[in-house]
Amino acid sequence: MKYILVTGGVISGIGKGIIASSIGTILKSCGLHVTSIKIDPYINIDAGTFSPYEHGEVFVLDDGGEVDLDLGNYERFLDIRLTKDNNLTTGKIYQYVINKERKGDYLGKTVQVVPHITDAIQEWVMRQARIPVDEDGIEPQVCVIELGGTVGDIESMPFIEAFRQFQFKAKRENFCNIHVSLVPQPSSTGEQKTKPTQNSVRELRGLGLSPDLIVCRCSTPLDTSVKEKISMFCHVEPEQVICVHDVSSIYRVPLLLEEQGVVDYFRHRLDLPIERQPRRMLMKWKEMADRYDRLLETCSIALVGKYTKFSDSYASVIKALEHSALAINHKLDIKYIDSADLEPDTLQEEPVRYHEAWQKLCGADGVLVPGGFGVRGTEGKIQAISWARKQKKPFLGVCLGMQLAVVEFARSVLGWQ
């Protein structure tokens with residue numbers, strides 16, 4: 242079993258999930274069986290009780306597990322089916338260890354973070370990495386592990402320590418660390434700054450993990466001099482500094498990594514039995530990415546919801562719309578509308594917001610009303626549904642959205658109050 246740990250530095254939300262998914266995609270395109278584990282260093286047992294504003298959408302797995310939305314990326318990119326145990330949280334680990342302590346499994350010993358918590362983390366990873374996630378039921382050969390948060394966070398320290406020990410248990414040829422870091426480019430100078438990455442790598446090495454690849458997130462491609470500077474200060478070869486700059490779509494990221502020799506590096510570093518060039522699966526990715534860039538016609542969809550300030554709150558809905566738009570050769574333009582802005586009360590209190598919201602709705606080609614909780618904003622959703630029905634606009638209601646469509650029809654057509 243080969244383990245690839247993906248860590249992040251400087252800021253959270255840097256794109257570790259997409260990088261981890263892309264690495265898995267590349268390896269799978271080389272004929273390997275790949276699984277994924279996402280580690281979230283929060284004390285919640287799972288993501289089921291989170292506010293959408295905290296972590297975005299809760300992704301629900303086939304076994305009913307309520308997990309981080311990154312696992313949705315893994316499933317979509319790798320075409321696999323994960324379980325709730327593929328999402329490891331601090332809460333789960335502590336609950337597991339405390340339950341063992343209550344049963345007397347530690348034989349009266351003082352239960353501590355090291356070694357008991359760290360050992361439990363390692364055991365969990367090794368156990369879960371071997372569970373088949375493909376339809377063919379074959380045991381995975383590679384496990385890509387994403388450690389959430391940022392290196393240096395107090396919350397993630399037990400996990401960092403666990404993997405510091407784990408790299409020796411698994412042996413060097415079976416363990417690889419990829420560190421994703423930010424290379425900012427201030428608009429005042431236009432110069433790519435390497436100091437945040439240097440500090441992040443120095444902190445990671447101080448905790449006992451030395452990155453094999455440094456993936457630099459930046460707005461424009463890295464200059465050769467910048468790569469050489471990161472190489473010199475971070476104790477890696479220039480070829481081990483990978484640039485992932487802003488691209489037109491996330492489908493470009495696996496291609497970007499493959500172009501910079503990531504496959505060849507893994508082949509030598511982890512002694513993987515793979516071909517020099519990825520198979521036709523990656524060619525399909527290229528065709529899809531090229532097709533996405535060539536789209537000319539636009540389809541606008543009004544997404545009328547309660548949590549529209551944070552687009553990750555509706556990640557699965559948005560991905561499904563993107564895939565559907567690509568299938569009919571259209572670019573997708575999502576118009577986010579806060580359902581409360583469509584209500585008559587808003588007209589009295591904030592008329593500008595009210596008229597802007599209705600202007601967005603009237604300019605859309607279709608209307609989608611997703612799920613939600615609570616009374617707030619429901620009347621606004623019903624207003625949007627009523628408008629779509631009367632204007633004969635394409636409409637899709639999901640969960641509460643469909644229920645409110647029934648309410649609107651009962652009120653407006655059947656005359657029920």
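The number in this note's numbering is simply the position in the sequence shown, starting from 1, with 241 added.
Glycine included, each C-beta is placed from N, C-alpha and C at the ideal position.
Model, not experiment: these values are computed from the prediction.
For this session: Compare the Cα-Cα distances from Ile260 to each of Val488, Val494 and His476 and report the closest residue.
Result: Within the sequence shown, residue 260 is the residue found at index 19, counting from 1. Selected option, being the one with the closest Cα: Val494.
Problem set entry | 4-residue-minimum alpha helix (DSSP H) runs that sit fully inside the segment 392-467, ordered along the chain | 398-411 and 436-447
Problem set entry | Cβ neighbours of Thr359 in the same chain (closer than 8 Å, five flanking residues each side left out) | What you label residue 359 is simply residue 118 of the sequence shown in a count that begins at 1. So the qualifying residues of the chain are Pro399, Glu402, Ala403 and Gln406.
Exercise. Assuming Leu273 and Leu513 make a contact with CB atoms under 8 Å, what is their CB distance in whole Å?
Worked result: Residue mapping note: residue 273 aligns to position 32 of the sequence shown, counting from 1. Residue mapping note: residue 513 aligns to position 272 of the sequence shown, counting from 1. With 8 Å as the limit, Leu273 and Leu513 qualify as a contact, their Cβ atoms being about 7 Å apart.
Exercise. Of the residues Thr330, Val593, Phe291 and Tyr244, which one's Cα is nearest the Cα of Gly390?
Worked result: Here residue 390 refers to the residue found at position 149 when the sequence shown is read from its first residue. For Gly390, the nearest C-alpha among the options comes from Thr330.
Problem set entry | Euclidean distance between Cα positions of Thr689 and Val299 | The chain is shown only over 242 to 658; residue 689 falls outside these bounds and no answer can be derived.
Problem set entry | Ser253, DSSP secondary structure in three states | For the purposes of this step, residue 253 is identified with residue 12 of the sequence shown, where counting begins at 1. Of the three classes helix, strand and coil, the one that applies to Ser253 here is coil, per DSSP.
For this session: Taking Asp574 as part of the beta strand (DSSP E), name the residues at either end of that continuous run.
Result: Here residue 574 is taken as the residue at index 333 of the sequence shown, counted from 1. Asp574 -> beta strand (DSSP E) spans Lys572 to Asp579.
For this session: Just tell me which of Lys622, Gly607 and Asp287 has its CA closest to the CA of Lys333.
Result: Position 92 of the sequence shown, counted from the start, is the residue given in the question as residue 333. If we check each option's Cα against that of Lys333, Asp287 comes out closest.
For this session: With Ile386 as the anchor, note down where its alpha helix (DSSP H) starts and where it stops.
Result: On the sequence shown, residue 386 is found 145 positions in, with the first residue counted as 1. Segment Val383 to Leu388 is the beta strand (DSSP E) holding Ile386; no alpha helix (DSSP H) there.
Problem set entry | Nonlocal neighbours in the same chain, by C-beta distance under 6 Å from Ile575, ignoring five residues either side | Along the sequence shown, read from residue 1 onward, the residue named residue 575 stands at position 334. If we look at Ile575 and ignore the five residues flanking it on each side, its Cβ neighbours are Ile542 and Leu544.
Exercise. Three or more C-beta pairs closer than 8 Å, one from the segment 275-291 and one from the segment 302-315: is that the case here?
Worked result: yes
For this session: Give the DSSP-derived three-state secondary structure of Glu584 in the structure shown.
Result: Along the sequence shown, read from residue 1 onward, the residue named residue 584 stands at position 343. Coil, per DSSP.
Problem set entry | For Tyr244: DSSP bridge partner residues | Residue numbering aside, residue 244 sits at position 3 when the sequence shown is read from its first letter. As computed with DSSP, Tyr244 is found in a beta bridge with Cys384 and Phe416.
Problem set entry | Identity of the residue in Gly502, Gly613 and Ile578 nearest His596 by Cα | Taking the sequence shown and counting its residues from 1, the one referred to as residue 596 is at position 355. Closest option to His596, Cα to Cα, is Ile578.
For this session: May I ask you to verify whether the segment 419-438 touches the segment 248-265, counting CB pairs closer than 8 Å and requiring at least 3?
Result: yes
Exercise. Distance, Cα to Cα, Gly604 vs Lys634?
Worked result: Within the sequence shown, the letter at position 363 stands for residue 604. Within the sequence shown, the letter at position 393 stands for residue 634. Using only the alpha carbons, I get a separation of about 11 Å.
Problem set entry | Option nearest Phe636 by Cα separation, candidates Gln624, Pro425, Val608 and Lys622 | Position 395 of the sequence shown, counting from 1, holds the residue named residue 636. Answer by Cα proximity: Val608.
For this session: Would you mind reading off the limits of the alpha helix (DSSP H) that contains Ala566?
Result: Here residue 566 refers to the residue found at position 325 when the sequence shown is read from its first residue. Looking at the DSSP string, the run of the alpha helix (DSSP H) that includes Ala566 is Ala556 to Ala568.
Problem set entry | Local conformation of Lys634 per DSSP, three classes | In the sequence shown, residue 634 corresponds to position 393, counting from 1. Note: Lys634 maps to coil in three-state DSSP.
Exercise. Can you tell me the Cα-Cα spacing of Arg443 and Lys622, whole angstroms?
Worked result: Working through the sequence shown from its first residue, we reach residue 443 at position 202. Working through the sequence shown from its first residue, we reach residue 622 at position 381. Distance between the alpha carbons of Arg443 and Lys622: 50 Å.
Problem set entry | Bridge partners - Asp281, DSSP secondary structure assignment | As a position in the sequence shown, residue 281 is number 40, starting the count at 1. According to DSSP, Asp281 bridges with Thr330.
Exercise. Given a threshold of 16 other Cβ atoms within 10 Å of its Cβ, counted over all protein chains shown, does Pro452 qualify as buried or as exposed?
Worked result: Within the sequence shown, numbered from 1, the residue matching residue 452 stands at position 211. Buried.
Exercise. Given Asp303, which residues of its chain have a CB within under 7 Å of its CB, disregarding the five upstream and five downstream residues?
Worked result: Position 62 of the sequence shown, counting from 1, holds the residue named residue 303. The residues are Arg322.
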